[in-house]
Every structure is written in C-alpha cells, then in structure tokens.
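Student:
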Amino acid sequence: MHTTDDTLPLLGPEGLLAKELPGYEHRPQQLTMSSLIGEAIANGQHAVVEAPTGVGKSLAYLVPAALHAIRNKRKVVISTGTIALQEQLIHKDIPTLQKVLPGLRAVLVKGRQNYLSLRRMEYATSGQQALFEQREQARELQLIKEWAATSNVGDRADLGYDPHPAVWRQVVSDANNCLGRRCPRYDSCFFYQARRAIEEADILVVNHHLYFADLALRGEHAAILPAHDVVIFDEAHGLEDVATDHLGTSISDAQIRYYLDGLWSAKGKGLLAESPWGDGRMAVEHCRQAADLFWRDVAALNLRAANDEAVQRIAQADAIDNSLSPQLDQLAKALRAFAGQAENADEANELKAQADRADLFAGTLRALISQQWEHYIYYSTVPADRGPIALTASPLSVAELLREHLWDATGSVVLTSATLAADDSDRFLFLRKRLGLEDAICKRLDSPFDYQRQARLLVNESPLDPNSERFVRATAQWVGDFLDQSPGGTFILFTSYRQMQQVHDLLAGRLERRQRFVLRQGGRMGRSQMLDVFKSTGNAILFGTASFWEGVDVRGEALQNVIIVKLPFETPGHPLVEARHQEIRRNGGNPFMERSVPEAILRLKQGIGRLIRTSSDSGTLVILDHRVLTKQYGRWFLRALPTMPTERIRIDQQP
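So for the sequence shown, our numbering puts the first residue at 1; every next one is plus one.
1) Under 9 Å between the Cβ atoms of V100 and E50?
2) Since R650 and N460 should fall inside the 8 Å C-beta cutoff, what is the C-beta to C-beta distance between them, to a whole number of angstroms?
3) Going by DSSP, which residues form a beta bridge with E512?
4) Quick check: Q477 and D625, are their CB atoms within less than 9 Å of each other?
5) In the DSSP assignment, the alpha helix (DSSP H) including I601 goes from what residue to what residue?
6) Rounded to whole angstroms, what is the Cα-Cα separation between G522 and A546?
7) Measuring only the C-alpha atoms, how far is P64 from K566?
8) For L611 and A455, which I take to be in contact (beta-carbon distance under 8 Å), what is that distance rounded to the nearest angstrom?
9) Within 10 angstroms of its Cβ, does S370 collect 16 or more other Cβ (buried), or is it exposed?
10) Which residue's Cα is closest to the Cα of V552: N539, A540, P568 and K535?
11) Skipping 5 residues on each side, what residues in its chain have a beta carbon closer than 6 Å to that of H581?
12) Of the residues N114, Y123 and S188, which one's Cα is nearest the Cα of A149?
13) What did DSSP end up calling A306 once you bin it into helix, strand or coil?
14) Buried or exposed, going by whether 16 or more other CB atoms sit within 10 Å of the CB of Q113?
15) Judging by CA-CA distance, which residue of G526, Q45, D481 and G634 is the nearest neighbour of I232?
16) Is M593 buried or exposed, if buried means 16 or more other CB atoms sit within 10 Å of its CB?
17) Strictly by DSSP, which residues pair up with K57?
18) Among the residues of its own chain, which have a CB less than 6 Å from the CB of R329, if the five just before and after it don't count?
19) Assign V414 to one of three DSSP states: helix, strand, or coil.
20) Can you tell me the Cα-Cα spacing of K443 and G436, whole angstroms?
21) Give the secondary structure of Y123 by DSSP, where H, G and I count as helix, E and B as strand, and everything else as coil.
22) According to DSSP, is E461 helix, strand or coil?
23) Sort out for me which residues DSSP pairs R542 with in a bridge.
24) Looking at C-alpha atoms only, which residue of S79, G488, I541 and R627 is the closest neighbour of G556?
25) Pull the bridge partners of A234 from the DSSP assignment, please.
26) Any beta-carbon of chain C closer than 9 Å to the one on K605?
27) Buried or exposed, going by whether 16 or more other CB atoms sit within 10 Å of the CB of A69?
28) Hey, how far is the Cα of A393 from the Cα of A216?
29) Mark K605 as exposed unless 16 or more other C-beta atoms lie within 10 angstroms of its C-beta, in which case mark it buried.
30) Would you mind giving the Cβ-Cβ distance between L62 and I41, rounded to the nearest angstrom? I have them listed as a contact below 8 Å.
31) Taking the alpha-carbon positions, what's the N179 to I389 distance?
32) Pairing CB atoms from the stretch 261-274 with CB atoms from the stretch 308-328, are three or more of them under 8 Å?
33) Exposed or buried, H375, counting other C-beta atoms within 10 Å across all chains shown (16 or more means buried)?
34) Which same chain residues end up closer than 7 Å to D297 when comparing Cβ atoms and leaving out the 5 residues on each side of it in sequence?
35) Counting pairs of beta carbons, one from the stretch 279-291 and one from the stretch 334-348, are three or more of them closer than 8 Å?
36) If you run the structure through DSSP and keep just helix, strand and coil, what is V552?
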C-alpha cells in the first residue's frame, strides 16, 4: 500500500505554496484532507471526505490530483455542482497551483451543445429567410456569423448574451449532423479544437450533469470524456439526484413542438419551408395533430388520478394510447427519402439528422409507454401553470447502476462536500447506501471556524404545526420583531413557495415602513441578480426557497442572520419518493427514519452553512420548526450541526 505523503512539500506550512503566495494560510484540515486523497488515489481506493467551509478543499484535492496526472500521464476529472465553483477552479485555484507546478495543464470541458458549427452556420445563412419566423432572428444569425469570424473558441458563453433558441438550434454543433474528419471545416471546427485541448490536458473540469451524461453514453460507445482513472466530485451531496436524472429518461410536449416547428412552423418557416417536398410538410402536420391528441391524453390521465398533484405515477404499461410514435416513424421515413434527393451534402445531412431525431423521439415514447425498463418508476408531469407536460422514467435506485458503471469501473473516486454526513460519525452510511458505494476511506473534518465565538443558534419551542396558518402568522410576527432588533442582512429560507409568499405578504408593509430592502424569489429578478443586489445592499432581507439553501456564498456583514422556517423534508407525494419509501418498507425498514430524516438533515446543514463563510464572519442562526426540540428524531438534526451557543425561543412571544 502506498502511503508516502506527497502533499506536504506543497501544502505544508513551509511548502512551495506558502513560499510562493503572500499571506498563505496553512490549515491543518486541508493538509489532512489532501494526504487522505493522495493515499486513496495512489492505492486505487475510493474516498468520502466532508470538508466544512473554510478548509480549502479545492487545493486539498487539486494537489494530489495534479501530482497523479503529471507523474502517471493519466487524466483526472474534477466534477462540480455549480458554475461558480467551476469558475473558481479554472480562474483562481488551478492558476495558483500552476505557480508551483508550471507544467500542469487544465481545461474546462463543456458539452457539444455549447459550440457553434461553422459548416451548419454557413448552410443556415444561405437559407435564413425560410428558417425564421421573425426578421430579428435572421438578424441575430448574421450577428452570430460576425462573432464567429472573430471568436477563438466558438463557445456560446462568449457571445455575451443568450441567443434565441430558434437561432442557436440552426448553428449548434450536433452529434447527429457531424461529419467528423470528412467535414471541410474540420481543422477550424470549434468543437474539435476543444476536443484537442481536452486530449492535451492533465485535469478536466466538468459539471455533474456532463459527467453523468457521459456515464449514460459509455455503454453506447459514445462517451464525451476521454479515458480517466480518477474522478473527484466536489459538491457531491447532490449526486443521487443528478444520477437519477441522467440514468433515467424524459420527453415533453415542448420538445416535440420545438422539433416540429424547426421543420415546418405554423407560420410556414423551417427546414422544409422552401423545399419541393410537400409530403414532408404534410407529415409534420400529421405529427403535430397526433402530438396534440397524445399530450391531451397524458393530461387526462393526470386528471383521473385521485389527487391534485401535478406529478402522477403511471402504475401500469400501455396506460396511454401511443398515437404519436407511428406518425414520427412516417416523418423519419419521409425525411430520409428527401435526403436521398437532396441537391447538396449539407442539405442531405440536415435531413438525415432530423430523421434520426424523429426516430429517437418515437423510440423513447415507446419505451416510456410500454415501461420497457425494470426497476424504474414511470410518471407524468402536468403543471397547473400550463408548463411543459412530460413523461419520465427514473431508476428506483441508482446504487446498482453506479456500482457497475462508476465504482467498479474507475480506479479512484473521491466524494467531497461541506455536507455529506447525516449524523456525527465518519461512516457516511446514508450517502454510501444511496449511491451503492461499499468500500471507501471516510473522514469528517472539523470546521476551522470558531462557532462558539462566531455564531449563536435560536430554536423555537412553541409547538405550532409548521403547516398551519397560525404558524405562518406567528412566524411573520416573530421575524418582524427580530428584524427590528437586528439590522443586518438576512436570509429567510422556506421549503415551499406558498408559505414563503404568505409570510412575505404579511411582512412586506412592515419592512417597507422600516425602510428595509426586500428581495423575494420568484419575482422579476433571477437568482444571480438577487444575490448581487443582496450583497451590494448590505442589510437586505431575502425570501428564498430551495435554490438559496446551497451554492450561495455571501461573506462579511452583508449576511448576519439565516432563518430556517421549516425543516426541509423532501416532498412526500412525488412518485419516485413514494416508490423509494415503499421499497424500504418491503425490506422491513422505516422510510421516515432511514431516508426522510437523513435527507432533511443534509439539506438543513446546507442552509445553516450559508452564514459563516470566513473566520471573521459572525451572526445568528434561527430554526423556527419546533420539531427539532419536541420530536424524538429532532436530536439527530441538532447533533449534526456545529456546536454553538443555543437559546430557546417562542415565536408567539417577543424575541
């Protein structure tokens, strides 16, 4: 077994980074983590490390990853859950490490859909009048062409704005329409330039969605990523959800409509608009009519269900008449016939690519309706707000799939996050069971922050039902009183939009009279803009739901209070959650204690983690859900939190 510690010369108090970087701060937890990961990589083991904020986990795993890649000439993949962390790695942490390892090469890997195809752009430009319903879209295509002439990377992110979907789909690099080395623009192709950079790099930075999309494609020999024997998942607390999404499949009415409109829209535009193939346009219309009827049947299936949930399980195969797949088959057949009659290779390739897409849609629908895959949960989604209607199949458990395709197939996999343990032990039993990870080196690191000095915890003991109107009124009154006494910036975190809106509406007038700047999720601002405004304001009040519980970094005086309104239990009515709970019961277990409680603990730890981000931060944490004190399972929540001064409050009294 390899046990040599290669990290000390770099990360130690007298190491190269300490000498290279002014003000370098040695952190014992960082060195412990780096040594452990180095040992796991060297011995071909997996590792799970909970590293609280402030440990410096990025450099802790980058050092052994870089040393392994350089010495063994093997690529290491680092997968993150957020764009913010990707940018931190590429623009800050890796350049820092390159100061002491100048030969290190790293690249940010993106999916093909981010790159422009020069050949497709030229073809689209030649027929733009037939493609677009609006003159502005044709103009945007010209702007993209001008940008492509000066761009070195052809990455959509470099455009500086989000292109209209109808325009981007005509120029995006498409696997179904790629000629590879036969393409006349192969040497200058942006996508293949990016692929060549990947081949030359030591470290590949990706996001979880790309990694699991790649994992799903490996069995079809269509992998996105090159061979690698080490992968490090940062922000690994969300892996089960991402794996469930990508190892399952879904199709929506919006996808079908978008596809058909690209061929022949209601306004007479699209790929088939100026062609002599009226039969193709007729086939599109037949598909459109069949799609309208099909998705109406899906919606009707939901209406016949026993409750009002937007998401409903489809308990048996062939519950819906598949009238759409045969029409898509006919469309694909027509498109391939047209491709054989095309005037040029570009036109033929476009038609073949669209035929392949029709085949894919038809096959996916057949698999979903016939419930082709065992141990999957099939359900429909019919939002009340007229959002996309969808059919979905999700694996009941990802454990066996990950065991086969990830743990057994990869030399060393490292999972790290600030929140991985659902209790106060080093075993990570909840996480490992969900993910099918049997053997791993496990370690929970101590926080480098002094919570006894930097924070205090207020916990409500008033036994009000957290789902009641009385609780909402008491919460609004108590929070208003608390904010009168605490002028600092505050996050108020909810588990539902409805309750957030209720409390906001009760408090808005009072906060306005106190001249407090209020931000509410779901308003006109997006999440990133809300955070920017919150940070710059300094003492704002932010009402937020799920997306503000994690991945948010507000440092200093701008955030001095985090108020958790309810314990974040997962939605019990979702078919996948229900099915997983039923599976636990069939095996003689208690789904509430074995899944609901640990899941909620991890989410609570994420929410609590918003407050203390540096050694100079301070503030107050508040939990208004009395169940952490009055329910037997409540002690598990409190034990999972950092130790800090704790005070009991009653939300039906003045704070």
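Backbone N, C-alpha and C define an ideal beta-carbon position, used for all residues, glycine too.
Tutor: Quick look at the numbers:
1) Stepping through the sequence shown from its first residue, residue 100 is reached at position 100. Stepping through the sequence shown from its first residue, residue 50 is reached at position 50. Cβ distance not < 9 Å, so V100 and E50 don't count as in contact.
2) What you label residue 650 is simply residue 650 of the sequence shown in a count that begins at 1. What you label residue 460 is simply residue 460 of the sequence shown in a count that begins at 1. That belief holds up - the Cβ atoms of R650 and N460 are roughly 7 Å apart, short of 8 Å.
3) As a working note, residue 512 is residue 512 in the sequence shown. Note: E512 sits in no beta bridge, so no partner.
4) Taking the first residue of the sequence shown as 1, we reach residue 477 at position 477. Taking the first residue of the sequence shown as 1, we reach residue 625 at position 625. Against a cut-off of 9 Å, the Cβ pair of D625 and Q477 comes out as no contact.
5) The sequence position of residue 601 within the sequence shown is 601, counting from 1. Unbroken alpha helix (DSSP H) run through I601: V597 to I608.
6) Along the sequence shown, read from residue 1 onward, the residue named residue 522 stands at position 522. Along the sequence shown, read from residue 1 onward, the residue named residue 546 stands at position 546. G522 and A546: Cα-Cα distance of roughly 12 Å.
7) On the sequence shown, position 64 is the one that residue 64 refers to. On the sequence shown, position 566 is the one that residue 566 refers to. So the alpha carbons of these two residues sit roughly 40 Å apart.
8) Within the sequence shown, residue 611 is the residue found at index 611, counting from 1. Within the sequence shown, residue 455 is the residue found at index 455, counting from 1. Sure, about 6 Å apart at Cβ, within 8 Å.
9) Your numbering for residue 370 matches position 370 in the sequence shown. Exposed is the call here.
10) The residue given as residue 552 occupies position 552 in the sequence shown. Among N539, A540, P568 and K535, the Cα nearest to that of V552 belongs to K535.
11) Mapped onto the sequence shown, residue 581 falls at position 581. Taken in chain order, the residues that qualify are P591.
12) By 1-based counting over the sequence shown, the position of residue 149 is 149. Among N114, Y123 and S188, the Cα nearest to that of A149 is on S188.
13) Locating residue 306 in the sequence shown gives position 306, counting from the first residue. With a pLDDT of 48 at A306, under the threshold of 50, the modelled position of this residue cannot be trusted, and the question is left open.
14) Here the question's residue 113 lines up with position 113 in the sequence shown. The residue in question, Q113, is exposed, as its Cβ has fewer than 16 Cβ neighbours within 10 Å.
15) Taking the sequence shown and counting its residues from 1, the one referred to as residue 232 is at position 232. Answer by Cα proximity: Q45.
16) Within the sequence shown, the letter at position 593 stands for residue 593. Counting Cβ neighbours within 10 Å, M593 comes out exposed, since fewer than 16 surround it.
17) The residue labelled residue 57 in the question sits at position 57 within the sequence shown. According to DSSP, which records beta bridges pairwise, K57 is partnered with nothing at all.
18) If you number the sequence shown from 1, residue 329 lands on position 329. Reading off the sequence, residue 329 comes out as Asp, not Arg. These residues qualify, in order along the chain: A362.
19) Here residue 414 is taken as the residue at index 414 of the sequence shown, counted from 1. Note: V414 maps to strand in three-state DSSP.
20) Within the sequence shown, the letter at position 443 stands for residue 443. Within the sequence shown, the letter at position 436 stands for residue 436. When rounded, the distance between both Cα atoms is 18 Å.
21) Working through the sequence shown from its first residue, we reach residue 123 at position 123. In this structure, Y123 counts as helix in the three-state DSSP scheme.
22) Taking the first residue of the sequence shown as 1, we reach residue 461 at position 461. The answer is coil: DSSP assigns E461 none of H, G, I, E or B.
23) Residue 542 sits at position 542 when you count from the first residue of the sequence shown. Here the sequence assigns Leu to residue 542, which means Arg is not the residue at that position. F491 and L519.
24) For the purposes of this step, residue 556 is taken as residue 556 along the sequence shown, with counting starting at 1. The residue with the shortest Cα to Cα distance from G556 is G488.
25) Against the sequence shown, residue 234 aligns to sequence position 234. With the sequence shown as reference, residue 234 is identified as Asp, and Ala is not the correct amino acid for it. The partner list for D234 (beta bridge, DSSP) reads T416.
26) Here there is only one protein chain, and chain C is not present.
27) If you number the sequence shown from 1, residue 69 lands on position 69. With 16 or more Cβ atoms within 10 Å of its Cβ, A69 is classed as buried.
28) What you label residue 393 is simply residue 393 of the sequence shown in a count that begins at 1. What you label residue 216 is simply residue 216 of the sequence shown in a count that begins at 1. So the two alpha carbons sit approximately 14 Å from each other.
29) Taking the sequence shown and counting its residues from 1, one reaches residue 605 at position 605. K605 is buried by the Cβ-count criterion.
30) Here the question's residue 62 lines up with position 62 in the sequence shown. Here the question's residue 41 lines up with position 41 in the sequence shown. Not confirmed; about 12 Å, so no contact.
31) The sequence position of residue 179 within the sequence shown is 179, counting from 1. The sequence position of residue 389 within the sequence shown is 389, counting from 1. It should be noted that the sequence gives Leu, not Asn, for residue 179. If I take the Cα positions, the gap works out to 34 Å.
32) no
33) Taking the first residue of the sequence shown as position 1, residue 375 is located at position 375. Classification of H375: exposed, given that the 10 Å Cβ count is below 16.
34) Start at 1 with the first residue of the sequence shown, and residue 297 comes out as number 297. Closer than 7 Å at Cβ, skipping near neighbours: I320 and D321.
35) yes
36) Taking the first residue of the sequence shown as 1, we reach residue 552 at position 552. Three-state DSSP puts V552 in coil, outside helix and strand.
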